[in-house]
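Enquirer:
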């Protein structure tokens with residue numbers, strides 16, 4: 001799996017995502033209809049449109065420390081992650097993983113675990129000591145996934161954007177040697 005950050009040109013105000021990339025991202029988002037129904041991020045989870053995905057990513061990238069990571073396997077976009085180096089709440093010292101989504105056709109192939117590990121390793125290399133994320137309370141599959149990776153519940157509260165009930169999870173990054181964790185599945 002190869003991970004790359006969304007090209008800087010795509011981050012510039014008013015810059016459009018390249019058409020082929022937007023098509024891939026739209027297919028990835030649309031493949032996760034069950035999650036889209038839970039999240040309510042799109043008006044019709046069964047009909048996600050490129051302009052909606054572009055707008056959602058533009059909203060994410062409006063945060064100054066946000067980064068969109070694209071994960072490819074055999075040339076195909078298999079996952080996307082959105083990270084925040086700093087949470088909008090200044091009381092939160094840890095970076096945040098705002099989204100990690102794997103294409104539905106690629107689930108159970110280890111891409112999600114590898115991308116999560118990649119994000120953790122990057123923040124660990126920056127000297128960060130923890131990573132936080134929030135899972136919608138109505139998403140038990142995601143909660144099981146993150147707890148299986150060592151994330152622990154720290155709070156329950158509404159998300160900042162929409163007020164949806166969430167479980168906040170944190171994983172300590174301090175003192176972990178990525179080489180000692182063994183190969184990703």
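Numbering (this note's numbering), first residue to last: 1 to 185. Backbone N, C-alpha and C define an ideal beta-carbon position, used for all residues, glycine too.
For the alpha helix (DSSP H) containing residue 60, name the first residue and the last one.
Expert: Your numbering for residue 60 matches position 60 in the chain shown. Where residue 60 is concerned, the enclosing alpha helix (DSSP H) stretches over 50-61.
Enquirer: I'd like to know if the segment 78-90 and the segment 134-148 are in contact, where contact means that at least 3 CB-CB pairs between them fall below 8 angstroms.
Expert: No, the segment 78-90 is not in contact with the segment 134-148.
Enquirer: Just verifying my parser: in three-state terms, what is the DSSP assignment at residue 154?
Expert: If you number the chain shown from 1, residue 154 lands on position 154. In the structure shown, residue 154 sits in a strand (DSSP, three-state: E or B).
Enquirer: From the DSSP output, in three-state form, read off residue 181 for me.
Expert: Taking the chain shown and counting its residues from 1, one reaches residue 181 at position 181. Low confidence applies to residue 181: its pLDDT is 45, below 50, so where it sits in the model is not reliable, and the reading given next is rough at best. Three-state DSSP puts residue 181 in a helix.
Enquirer: Identify the continuous beta strand (DSSP E) that holds residue 134 and give its terminal residues.
Expert: Position 134 of the chain shown, counted from the start, is the residue given in the question as residue 134. Per DSSP, residue 134 belongs to the beta strand (DSSP E) from 130-136.
Enquirer: Given this structure, state the Cα-to-Cα distance separating residue 67 from residue 74, to the nearest angstrom.
Expert: Your numbering for residue 67 matches position 67 in the chain shown. Your numbering for residue 74 matches position 74 in the chain shown. If you take the alpha carbons of residue 67 and residue 74, they lie about 23 angstroms apart.
Enquirer: Spatial neighbours of residue 50 within its chain, please: C-beta separation below 6 angstroms, excluding the five flanking residues on both sides.
Expert: Against the chain shown, residue 50 aligns to sequence position 50. Excluding sequence neighbours, residue 50 sits near 22 and 26.
Enquirer: Could you name the residues of the same chain whose beta carbon sits closer than 8 angstroms to that of residue 112, not counting the 5 residues immediately before and after it, in chain order?
Expert: In the chain shown, the residue the question calls residue 112 occupies position 112. Taken in chain order, the residues that qualify are 79, 100, 102 and 145.
Enquirer: Would you tell me roughly how many angstroms separate the C-alpha atoms of residue 14 and residue 24, rounded to the nearest one?
Expert: Start at 1 with the first residue of the chain shown, and residue 14 comes out as number 14. Start at 1 with the first residue of the chain shown, and residue 24 comes out as number 24. For residue 14, the pLDDT reaches just 46, beneath the cut-off of 50, and the residue's location in the model is therefore unreliable, although a value from the coordinates is still provided. Each residue's alpha carbon lies about 20 angstroms from the other.
Enquirer: Residue 179: buried (16+ other C-beta within 10 angstroms of its C-beta) or exposed?
Expert: For the purposes of this step, residue 179 is identified with residue 179 of the chain shown, where counting begins at 1. Low per-residue confidence applies at residue 179: pLDDT is 47, beneath 50, and the placement is therefore not dependable, though the value from the model is reported in the following sentence. Label assigned to residue 179: exposed.
Enquirer: What is the DSSP secondary structure of residue 165, reduced to helix, strand or coil?
Expert: One-based indexing of the chain shown puts residue 165 at position 165. In this structure, residue 165 counts as strand in the three-state DSSP scheme.
Enquirer: Excluding the five sequence neighbours on either side, which residues of its own chain have a C-beta within less than 8 angstroms of the C-beta of residue 160, listed in chain order?
Expert: The residue given as residue 160 occupies position 160 in the chain shown. Within the same chain, residue 160 has close Cβ partners 88 and 89.
Enquirer: If we call anything under 9 angstroms between Cβ atoms a contact, is residue 188 one with residue 57?
Expert: The question about residue 188 has no answer here: the residues shown for the chain are numbered 1 through 185.
Enquirer: What does DSSP give as the partner residue(s) for residue 71 in the beta ladder?
Expert: If you number the chain shown from 1, residue 71 lands on position 71. Paired residues: 3 and 79.
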